[in-house]
Structures are given as C-alpha cells and as structure tokens.
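Only one structure is covered here, and it is reproduced in the block below.
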Amino acid sequence: MDFLGSLLGIAPCLCDYAAKHSVYICDLEDNLEVLRNAMVELKNVSEDVKRRVDLEEQQQMRRRSEVDGWLQRVEEMENEVTEILREGDEEIQKKCLGCCPRKCCLAYELGKIVIKKISEVTEQKNKGHFDAVADRMPPASVDELPMENTVGLDFMYEKVCGYLQDEQVEIIGLYGMGGVGKTTLLKKINNYFLTTNHNFEVVIWVVVSKSASIEKVQEIIRNKLQIPDDKWKSRSSKDDKAMEIWKVLKTKKFVLLLDDIWERLDLLQVGVSLQDNQNKSKIIFTTRSEDLCHQMKAQKKIKVECLAPEEALALFQEEVGEEALNSHPDIPRLAKVVAEECKGLPLALITIGRALASAKTLARWEQAIKELRNFPAKISGMKDELFHRLKFSYDSLQGDTIKSCFLYCSIFPEDCEISSNKLIELWIGEGFLAEAGDIYEARVLGRELIQVLKLACLLEPVETQEYCVKMHDVIHDMTLWISSEFGREKNKVLVYDHAGLFEAHEVARWKEAQRLSPWNISFEEIKEVNETPILCPNLQTFLIRKCKDLHEFPTGFFQFMPAMRVLDLSGASSITELPVEIYKLVSLEYLKLSHTKITKLLGELKTLSRLRCLLLDNMYSLRKIPLQVISSLPSLQWFSQWFSIYSEHLPSAFAEAFAGDNVLFDGGRALLEELESLDHVSDISINLYTCLSINILKGSHKLQRCIRRLCLKACKDLTSLELSSSSLRRMKHLESLFVKDCLQLEVVQIKVGKEGRQGYDHNFPNPSLEKWFHSLHEVCIWRCPKLLDLTWLMYAQSLEYLNVQNCESMVELISSDDAFEGNLSLFPRLTSLFLINLPRLQSIYPQTLLLPSLETMSVINCMMLRRLPFDSNMAANCLKKIKGNQSWWDGLQWEDETIRQTCTKYFFKMSVIQERRHQSRQLRYCRQCHCLPVYPNAMWAQDPNVPLLAMCIFTKQINFHVPIFKILQEHFPIFTEPIQQPSERAFLKPSCCQGLRTKSPSPRHHPKDIQTKRREDTTKCVASDYGLGYGWISLPSTDTNYND
C-alpha cells in the first residue's frame, strides 16, 4: 500500500515532466515553422545591414569588426537552421500513423535543438540593430592610378627610382614638351609604390593644371590626409589651412606628386615644407617649362624626351592594331613612314594611330601621309586631342611679342636648324621687337625670348650647332595651324621645303598669303605658266632659302606686292641683278641681299623711304652702290656690308668701269660719310681699306657709337693704330673686330686722356679699372706680319673667340712689359683660342691665367711657344680639346706634373695631312716673296693630300729664288728627294701661293683649271680665286712651250 501511495504521489510530477518534454515531440512541426520564420526575419535584418555597409564602404569607410562578426554569424546560423529544418521535415514525414514518431528519442532531441535555435535566431536578430556599421578608414599609403602599357619610359623611370633612394635629393622636376609622356611617367612612379617595399607613409597625387589655385591643391591634400571636416571648416583662411596641413605632414614621411604645373607653386602657402626634412620626404612634379624646374628649386631635372624610332614605331603599331596592319602587305611600310612623321611624340603617335586603326586600304594610308605632311589638322583627332593640348604651351607665353615671335618660326621648314642670330634679324625686320627701343636692345630681347621658348620646350637646342635652334615637327604643325587662324585660312603662311611640293598652280594660293617661304625650288614653272603678273596683295614677308639654281626672277615678279615689308633674297645665291620692281616696294622695311652675286645696286633704291634694315654681307660680286643712295634712306637704322670686295682688290678694268659714282671705290670713305648723315642709323657693320677711312671713323663720335662689326683689311700704309680711351668708350657696341692683310701694321696703342689735350699716356692702365670693349666677343687677326703683340686685348673682358694667324713677327700675345702683377682675371668668357702659324710666338701671357670658360684651343705651327699659362684647375672647368703638333706638345715645359697630366687628357695631335695643309697655307701667304721659284732639276711633290695647286716648272737653265727654295725644303721635306730621271717638266703642289690663282672658286679642283698667257718674258695667272690679289711668276723668255 505504501508503495502504491508513493507511486500515486509522484504520478502528477511525472505527468508534468512528461507533458513539459512532450512538446519537443508534439510541437515539433509548429516549432520548425517558428524557426523558419525567425530565420527569414534575421536574413532581412542581415540584408539591411549589408546595404548599409556597402554604402559606407563606397565612401571609403571600413566596416566595424562587430558588424563583420555579426554578419558572419548570420551566415553560419543560416546554414545551421537550414540543416535543422531539413532534418525536422524528414522526421515529420516518418511519423507512425501520421501522429507518432517512430524514434521518439531522436524526435525529442531534435525538438530541443529547434527550441534552442529559435532563441538564438531571435537574439541574433535583436543584435542587428547597429547605430553605426562602419568607421572612417585611415588613408591608404598610395592610390593606384589607371594607365596603359608604357613604351620608352624605362630609362627615365629607373632614373627617378634611383633618386627616390637618394636621401640627398628632395625635389625632382620632370619637364618636356606637351604630349611627350610626363604624366604617364609620373603615374608609373605613383604605382611604383604599390608593388615595391618602401617606408613612405603616404603618397599624395595632385593634378595642378593651368587653372589650379592654392585652395584647390590644399583641398586635395586635405582629403588624402583625412583631416576632419569640423577641424578643416573651422580654418577660414589659406594660411590657417596651410598650417593644418603642415602639422600633419611634419609627422609623416610622404611623397607629393604634382602633375602639370604651369607656374611656380608656393609650397609653403600650400602647407608643404621640406626645410627641415628629417623624415626624408620627396616632391616630384611635371611641367613643360625647364625654367619652372629652377623656380621650384628642383635638385634634379629630367627632360622627358621623345621616343626613339623603334619605340615610336612600336607604340604606333600598338595603337593601330594588328587588323589594320595586316590588311595589306604595304601598310606596315607606310605605318613606319607615318610614325617617322610624328618624330617620336607619344601623343601624336597615339592620336594618329587611333585615327588610322580603321584604315585598311592602301589609298587611305597614302592619303593620310599626304594630309600629315600638308594639312595635318584634317586628320581625325589632331585638332581636339593634339593641337588644342599643345596650344596650352602657346597660351602660357606671356605677351603678344613672344607669341608673335614663336609663330614666326613656322616660316621655316620642318627639321630646319634655325640660326638664332638670323631668326632675331628677321624678328627685328618684322618689327616684333620694336618695344626694345633700339636694335642692340632688340637683339638682347630676342636672345631672351629664344631662351624662354627653349625653356618652355617650344624650341629645342641643336646639339651640334651651339647657336641654332629647331622646332619639333608636331609643334611646327601646331604653329602653322594657329597662324592660319586655326585652319580657317590655310594659305596665310606657305612654306615649300623642296621642289616636289611646288608646282606652277601653287602660285594661285599666293594671293591669300601673308608669309611665303620657298626653299630648294626653281621658278622655271612660274616663267612658263604665268604670263600675267603675280598678284600678292597681302604678302608681307618673302623669304628665299637654298634656291641656288635661281638666276633671275620672272619679269614683273615683285610688281604687285604692295604690302611687302620683309624681303630676304640671301638664299638665292646665284642671282646677279636685283629685279627693278623691288624699288616699287614702298612698304619695304627689311632688305637682305647677303650671299648673292648681285653686282650693283641702282639709284632707284632711294624710293624705299621706309627701309630700316639693309644687309649686304658676303656679296663678293658687288661692285657698285651709287653715291647719295644710302644717304637717301631716311628710315635706315641698320646697315651691314660685312666681308665684301672693294675696288682696290678688283682688276683695273673693273675698277675703272665702276669708279666715279660709287661709294665703294675709295675704300669706305664715302660710305662712312653717307652713313654719318643719316638720323636714325644705329647699327653698322663695315669693311675699311684705307687709312683715310679709318681716320674718318676715329673722328666721328656718331659712327663710333654705331659700329657693331669692323674689318680693317689691306690698309697698305697703316703702321700703327691708335685708339683713344674716349673713342673706346663710345664704341660700346663693337662685337667683332677683324684685322686682315695689314702688312705694315706694327702696333696697336690706346691713348689715355681727354681728347683735345696735349699729350697722351701710352702706357696701358689696369684692365680692372677700365670698361673698354664692353661688347667685343670676336677678334680675328690674320696676316699682319709686322704686328708685335695684342696687349690691348687685356681690356676685352667679354671676348669669346680669338683667332690669330700668320703674324710672323709676333713674339708675345700679351706683352710682358705691359702685363699687370696680381690676380688679374683675363678673358673670363673666352671659349675658343686659335694660334696658327706664329713662328716666333713665345708667350701667351707671362702669368697664369684662369680661363674658366675655355673649351677649345688650337696651337699650330707655333714651335717656339714652350709654355701654356695654365694651372691644374684650369682644365677642370670647361676644357674639351687642345689641338696642335705632336712635336710642339712633346716640347712643352710645365710648372708641375699635375698640369701636364690634366691637359694631356684633352690633347689631340694633328694628322700629317692637317700639318701639311697648314704649312701650305703658311707658304701661300708669304707676302715677302712675289714670285714662285723656278729652278732646274725640280723635284716631285708626291703628296696627293695637298692637291690645292699644280704649277708647271721647267727644268731648263733658269734662275730660281733661293730663299723660297729653303722654305720649301723646311715645310715640305718630301721635296728634298731628287727625281732619278728628271723629265722636261715637274709639278709643284704646295697650295696657292701669293700670285697664283685657280680658275674655279674652289682650290680643290684639278690643276688643269690653271690658265697662263704669254706676256713678254713673264706669265700671268688670270683666273680668279679668293680676291687675294695678283702676282707674277718668272718664266724664261727663250723658246719655251707654254702649256697649261
């Protein structure tokens, strides 16, 4: 009974327990549904959280770790719930009689898991209500920049990477012309930090561009440094914001990449300072201006050059694509031609390559080449993608003057090496430099503008020609496009650079032209086709170059060109007469006839009342300028007749024919008087041939102020040249001085004192106290056999070029009697020194000279010069070359071994051929001997390397000139070898001696060009050569067969 009572006592408890746990089994199906619904709700919350996270991450924020963990737990729960629901569904399907599970224990356990998972899912859902799902990320050290495959930048890239490792280099400037690849290189450097281990904390990329402001640059840097908004907005001024940036950067090691700088960017105003660069930060920038590299204080400058031909072709082919290149067998060849036209400019290669990517016919490629050469703006993309981008460089030029000067360069053909001096001459002629005041200041301004254009990479220096510039072909195309009003007036500037581009029908285009520049063309087509006059109402500039076959212009060629201002015929070197119509060009301001064969100027030149510049240099055929012509040009400012022949050096028949009404007949006297009468003349280059003309110059204050280039030539009676100190001060513009063939000149003296006062001090004052020869940079002294020294050159502190030849009496260049003690800096700008055939020269200067700018020195046939005035530091400056005889060099005496070793590195010995050529020149100018020796048993001159002249020497019994024979033996040892079987005649080949002439202008022609004719007992060589005069050669009067 007790047992039964106990059992009945616990029965309610057992029922309660069974009822409590039976729900795991009985309510399994309902609980599974509850779990399924709870999981759906959790997934909905999870999706909301994910969307919030995605939005924040798009704002460069980083999701919080708790959010990330919550989302991961949701994914795990989803997998767990899926498995539970699968098992639950299977268990329900296995119930006996549709109500009881077959395995109660399993159902019971599953029911417990379901109840627990419902609780977990509900709890997880409740945890998904986050106030914030992401935080602002710290900035990445570097942001990757998109870029295509690069070509040809590896060398410059490696160079920059090397500087990044150099702690001494802080600022690097990358400069080059537009479209050359500077930005691409900078992007490559930026991405370098993505793949390379480095210790820079942040790399900042800023596109500065032309319109950038300090505020814009500050804003970009601030965003990269993640300076908080509230702190940034509280800084109202640029200075406050700069301070905020500086506070952050001073704690970091950074790289600042500044792309496309157009003007100096004040980094301190931005908030960037490397003054106390303990963190070893770097700044790298790109610009089109080399000058900006200096302004930005770049310690290393790297010029980004155009691609090499192979690299350019590879880039071009990549842009064109294989499909177009393989569409015709000849297209790869034409593709190479197009790539060459782009001259390695990447932007041009890419632009034109993309334009031709669809060109699959030979005709289309040939048309593209024609357009590229003649009308490049027609090619797709050239204007918008290329010219407009390059035009930014033009737009950045300050002022209309430099823009006009730059566009003027389009008058020269592509690939043309342009003389800087001749370019400035034309700028002056066009009036572009009128703001300078006078012509001398205009030249200074012109040189400055050329330097600005070079620094802006719009002009390029020519490596082989120091005083020349050139323009990249694509830049040239851009200048033509701008000059033609952006392609609207295609005929405004016409340039023909070879005969193939010029045909007779081209003349029709001249009607619209303002500037016309034919090179290497003939005018025969014009003569044949154009019977009517050529109408060029707008033509202002006519520039002819390298038209050597042009002997005359068609009749009436210049008749209808009323607007002509600049006429340059110097390239038509074969014309002999000036067209009469030129005198009708009443607007003409610049006339250049240099290098032509024109024999005379007509009196009608007086009608050119606006003519400012008249250039007659190197006109060796000019015989006559009528009197009162030069003095009748009221606007003339610049007159130049440099290296031309005067009447004393013409045959008597010519002299008589052109005497009288001729300013050239009296050695320059009348010409000087006419120039002095002009009101506006300020620049004169002239040759003087008489002491009278020299005295006129010495007595004219006005002429002294105007002289720029002066040549004293063959002044027969000139024994001494005295220059007063006051005259030297007035000749402040003298740049070039030549003294040639003044056979009696012994001394040049400077008279110190006031003019009009009795007595002058002929001692040379201390050069450091005097400012004479301020502008003199070129001096040539040739064939002055009695001249003793050039001591006066001590005052030429601007001297750059000195050439002294064939001065047989010169012992000292600077006299030791007049040299000054102490550290006197002579010739600080001298770059070239030539001492040739000075047999008695023993000293250049008695003391050591610094010569900090000397690059080239030639000492030839100066065997008595045993000492050079050098010290061991001189050669470390600019010296590149010392040229001379090996025997002379071996005999030099040195103060110490260090100087010899230093200079030996730069010594180049003359070859045997060069020595004999200089020896033959020395014999040629032997003025004391007026006849070539004719002597028996003449010896052969077996030297084919000196074929300058062959003279027939007869071997009969005649007299010969012993001193000349000794000279021959000294200078031509080969002459001492006698002929074993002397023939009736022998040939002598020393060169053109005084009195001998070759028929052709070139001494390299065959000896058959020598002409002789009988005159009593002498033979005279009548053919012309270099205008050196005539002489007589003694020949026998007996029965002698005179043959050429």
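So the sequence shown is numbered by UniProt numbering: it starts at 1 and just counts up by one. Just so you know, even glycine gets a beta-carbon here, dropped at the ideal spot from N, CA and C.
Option in the options with minimal Cα separation from residue i
i	options	result
Gln893	Arg867, Leu325, Lys905	Arg867
Met853	Leu802, Glu201, His294	Residue identity differs from the one stated: residue 853 is Ser in this sequence, not Met. The residue with the shortest Cα to Cα distance from Ser853 is Leu802.
Glu800	Val811, Pro839, Leu737, Glu746	Leu737
Lys210	Ser574, Leu615, Phe392, Gly399	Phe392
Ile227	Glu676, Lys241, Asp260, Leu194	Lys241
Asn44	Ile686, Glu385, Asn126	Asn126
Limits of the alpha helix (DSSP H) - the one that residue i falls within
i	result
Cys405	400–408
Tyr163	154–165
Pro332	331–341
Trp427	420–430
Ile899	897–904
Val444	439–455
Leu390	388–395
Delimiting residues of the beta strand (DSSP E) encompassing residue i
i	result
Glu466	465–470
Asn538	Careful: Asn538 lies outside any beta strand (DSSP E) and carries neither H nor E.
Phe558	Neither: Phe558 is in no beta strand (DSSP E) and is coded neither H nor E.
Gly353	That residue, Gly353, is in no beta strand (DSSP E); its alpha helix (DSSP H) goes 346–355.
Pro228	It is not in any beta strand (DSSP E) - Pro228 carries neither H nor E in the DSSP assignment.
Cys286	Looking at the sequence provided, one finds Thr at residue 286 rather than Cys. It spans 282–287 - the beta strand (DSSP E) in which Thr286 sits, taken as one unbroken run.
Lys702	Premise fails: Lys702 lies in the alpha helix (DSSP H), 701–706, not in any beta strand (DSSP E).
Ile204	202–207
Lys909	907–909
Asp291	Taken as a continuous stretch (DSSP letters only), Asp291 belongs to no beta strand (DSSP E), being part of the alpha helix (DSSP H) at 290–295.
Ile189	It is not in any beta strand (DSSP E) - Ile189 instead sits in the alpha helix (DSSP H) that spans 182–195.
Helix, strand or coil at residue i according to DSSP, with G and I counted as helix
i	result
Asn803	strand
Arg669	helix
Arg36	helix
Phe960	Unreliable placement is indicated for Phe960, whose pLDDT of 38 sits below 50; no coordinate value is reported for it.
Lys216	helix
Leu480	helix
Arg509	helix
Glu371	helix
Pro461	strand
Cys929	Residue confidence is low: Cys929 scores 37 on pLDDT, short of 50, so the model does not pin down where it sits. Its coordinate-derived value is still stated next. In the structure shown, Cys929 sits in coil (DSSP, three-state: anything other than H, G, I, E or B).
Trp894	coil
Tyr583	helix
Lys600	strand
Leu43	According to the sequence displayed, residue 43 carries Lys and not Leu. Three-state result, Lys43: helix.
Ile575	coil
Chain-order list of residues whose beta-carbon lies under 6 Å from that of residue i (same chain, five-residue window excluded)
i	result
Phe316	Ala339, Leu349, Gly353
Arg52	Val133
Glu290	Tyr175, Leu455
Leu813	Leu790, Ile844
Ser725	Val752
Leu601	Ile625
Ile92	Glu29
Paired residues, beta bridge with residue i - DSSP
i	result
Arg136	Met61
Met857	Leu833, Ile882
Asn687	Cys711
Asp568	Leu543, Lys592
Trp519	Arg545
Gln749	Glu722
Lys241	Paired residues: none, contrary to the question.
Tyr496	Pro518
Gly173	Phe285, Lys301
Val739	Leu712, Ile781
Leu614	Leu591, Phe639
Glu812	Ser843
Cβ shell of residue i (< 7 Å), same chain only, five flanking positions each side left out
i	result
His1006	Because His1006 sits at a pLDDT of 35, beneath the cut-off of 50, its placement in the model cannot be relied upon, and the point is left open.
Ala563	Pro537, Asn538, Leu539, Gln540, Ser587
Glu87	Leu110
Cβ shell of residue i (< 8 Å), same chain only, five flanking positions each side left out
i	result
Lys492	Ser483, Ser484, Glu485, Glu512, Ala513, Gln514, Arg515
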